[in-house]
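Engineer: Just so we're aligned, residue 1 is where the first sequence starts under UniProt numbering, counting upward by one.
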Amino acid sequence: MAAMKHWLMKSEPEEFSIDVLERVGTEPWTGVRNYQARNFMLKDMKVGDPILFYHSNCAVPGVVGIAKVASKPYPDPTQFDPDSDYHDPKSKPEDPRWWMVDVGFERKFDGTVSLEQMKARADEFGDFTLLRRGNRLSVMPVEAAQYKRILSMAKAGGR
DNA sequence: GCCAACGTTGGC
DNA sequence: GCCAACGTTGGC
1 MAAMKHWLMK
11 SEPEEFSIDV
21 LERVGTEPWT
31 GVRNYQARNF
41 MLKDMKVGDP
51 ILFYHSNCAV
61 PGVVGIAKVA
71 SKPYPDPTQF
81 DPDSDYHDPK
91 SKPEDPRWWM
101 VDVGFERKFD
111 GTVSLEQMKA
121 RADEFGDFTL
131 LRRGNRLSVM
141 PVEAAQYKRI
151 LSMAKAGGR
């Protein structure tokens, strides 16, 4: 059996936060319009894969909890909706350009494992995509060891 | 609000 | 196929 893959997915809390995910339980991850991020969802994600839920573009950016992949990939319906911010007129229903998965709530950390705290321990993470300068990917794979380190930081209150 | 870094687009 | 211009991301 192939090893389970671990992921990190970013969301702006003003758009969609871990608290809203906790309330709704499962959310279609619409709106990804980057091919690399799409390919991770389309080709590499498996139902049940764990996801680090990351708050970006906010006062304290960082990992705030755990989610999981809750569906197989399917076409993002917002690409066909002319009223949606994510509408893509070049995408055809018979050949959808943008794919996504559903994301399910797992748990919320007691505190945020902040980007600042992760940067301070960058040497323990090795080559961590999130910490690469200029990184803008909103969906990225995380090594199992990196995932575990963030969980242990969460347990230790971010320290 | 600023701006560096990046991905995408389109002219050539 | 190159690359300048543009729009977006996201930390600060």
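In this text, a Cβ means the ideal position worked out from N, Cα and C, and glycines have one as well.
All values derive from a computational prediction rather than experimental measurement.
#1: Which same chain residues, not among the five before or five after Lys5, have their C-beta less than 8 Å away from its C-beta?
#2: Determine the burial state of Lys119: buried for a count of at least 16 other Cβ atoms within 10 Å of its Cβ, exposed for fewer.
#3: Let me know if Val139 comes out buried or exposed under the rule of 16 or more other beta-carbons within 10 Å of its beta-carbon.
#4: Mapping DSSP to helix, strand and coil, what is Phe105?
#5: Rounded to whole angstroms, what's the CA-CA distance from Leu131 to Trp7? Just pull it up for me.
#6: Which residues does DSSP list as the beta-bridge partners of Met9?
#7: Please classify Thr78: does DSSP put it in a helix, a strand, or coil?
#8: Helix, strand or coil for Ser152? Go by DSSP, reduced to three states.
#9: Could you give the DSSP three-state label for Thr112: helix, strand or coil?
#10: How many angstroms separate the CA atom of Gly111 from the CA atom of Val103?
Structural biologist: In short:
#1: Along the first sequence, one-based indexing puts residue 5 at 5. Within the same chain, Lys5 has close Cβ partners Asp44, Met45, Lys46, Asp49, Pro141.
#2: Indexing the first sequence from 1 puts residue 119 at position 119. The residue is exposed, with fewer than 16 neighbouring Cβ atoms inside 10 Å.
#3: Along the first sequence, one-based indexing puts residue 139 at 139. Its Cβ being crowded by 16 or more others within 10 Å, Val139 is buried.
#4: One-based indexing of the first sequence puts residue 105 at position 105. Phe105 sits in a strand when the DSSP states are folded into three classes.
#5: Within the first sequence, numbered from 1, the residue matching residue 131 stands at position 131. Within the first sequence, numbered from 1, the residue matching residue 7 stands at position 7. For Leu131 and Trp7, the distance between alpha carbons rounds to 14 Å.
#6: Working through the first sequence from its first residue, we reach residue 9 at position 9. Paired residues: Phe53, Val139.
#7: For the purposes of this step, residue 78 is identified with residue 78 of the first sequence, where counting begins at 1. DSSP places Thr78 in helix when its eight states are reduced to three.
#8: Translated into the one-based positions of the first sequence, residue 152 becomes position 152. If DSSP states are grouped into helix, strand and coil, Ser152 belongs with the helices.
#9: For the purposes of this step, residue 112 is identified with residue 112 of the first sequence, where counting begins at 1. Annotated three-state conformation of Thr112 is strand, per DSSP.
#10: As a first step, residue 111 is located in the first sequence; it is residue number 111 there, counting from the start. As a first step, residue 103 is located in the first sequence; it is residue number 103 there, counting from the start. One C-alpha to the other measures close to 21 Å.
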